[in-house]
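Heads up: the sequence shown begins at 1269 in the numbering used here, then just goes up one per residue.
Where a beta carbon is used, it is the ideal one built from N, C-alpha and C, also for glycine.
Notes to accompany the following structure.
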Amino acid sequence: MTQQPASIYPVDTPHGLARLHVHTSLGMTSPRGALLLGHGAGGGVTARDLAYLAEELPRHEIAVALFEQPWRVAGRRVATPALTLDDAWLRAVGALPTLGFSDTPLFVGGRSTGARVACRTFAESGALGVIALGFPLHPPGREVSRAGELSGGQPTLVLQGSRDRFGDATQFVDLSTAVTVVSIPWADHEFAVPRAAPITQRECLELVAEHVSRRIDTLLMRESVAANGR
């Protein structure tokens, strides 16, 4: 399938105007699933992993909606408090049915802070699972853990760079069995790899997309089996 340019939709929130950047492929009339992804506290929807997933997953009949938080749309440099992020995010979840995704299985996630938001609001989103890209387990140099946000029992795939300064895969311990943590070799928190690494930047992103696509396929199959057994 050939990707078409993103369709951008405004989302009204109590904290200002937000945007949904929806990526599909030409000829995609009924996607198998939709993945809603949020950006981090230090960047936007053009982050390399988000942009690559928005390009690649529609080829597999998965629509990707990138959510741009109000603080980012307004041009501010600093993210707003967690409660405002969660509230705005749930407004985006609520907007998806009006954009043609009312009967489409939903998956949620994001990179860094966006992953935290998706985990905290999972129960309210009605999603089948979470995709966490570079989950910020702890602030660099500090022992404070945010693992509690992964303990809700929601099916969660955490993709973590082996060089992530916010915590590598080995530091995710005592989590729910619903959480799967995968190490992406040579990648840092932004999934950038050094020039001297034995894998290229594109190969790193391909690996990320492969894991995400495989997890979505698994959860869709699980949902189909459960539905047929009802």
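In the DSSP assignment, I1452 is bridged to G1429. Secondary structure in the segment 1377–1424: the beta strand (DSSP E) runs of 3 residues or longer, each lying completely within the stretch, are 1398–1401 in chain order. Here T1297 is exposed: its Cβ has fewer than 16 other Cβ atoms, across all protein chains shown, within 10 Å. Taking a C-beta distance under 8 Å as the contact criterion, S1419 and L1396 do not qualify as a contact pair.
Taking a contact to require three or more Cβ pairs closer than 8 Å, the segment 1402–1422 and the segment 1325–1335 do not qualify as touching. Annotation: the continuous alpha helix (DSSP H) that includes A1495 extends over 1469–1496.
Our two residues, G1343 and L1304, have alpha carbons roughly 22 Å apart in a direct line. The residue among A1356, F1440, A1391, Y1320 with its C-alpha nearest the C-alpha of H1291 is Y1320.
Spatial neighbours of H1283 in its own chain (CB-CB distance under 7 Å, excluding positions within 5 residues in sequence) are listed in chain order as P1338, T1348, T1352, D1355, A1356. A check of alpha carbon separations from T1468 across W1454, S1481, A1477 identifies W1454 as the nearest. Around the beta carbon of T1424, 16 or more other beta carbons sit within 10 angstroms, so the residue counts as buried. Rounded to the nearest angstrom, the gap between the Cα atoms of S1275 and F1375 is 19 Å. When Cβ pairs closer than 8 Å are counted between the two stretches, the segment 1429–1444 is seen not to touch the segment 1385–1399, the count staying below three.
The Cβ-Cβ distance between R1379 and L1401 falls below 8 Å.
Runs of the alpha helix (DSSP H) spanning 4 or more residues and lying entirely within the segment 1312–1383 occur at 1316–1324, 1338–1341, 1350–1363, in chain order. When DSSP states are grouped into helix, strand and coil, T1281 belongs to the strand group. Straight through space, the alpha carbons of A1315 and V1279 are spaced by roughly 21 Å. Linking D1432 to E1491 through their CA atoms gives a straight-line distance of about 32 Å. In this chain, the beta strand (DSSP E) harbouring A1302 covers 1301–1306. DSSP places A1437 in the helix class (H, G or I) of the three-state scheme.
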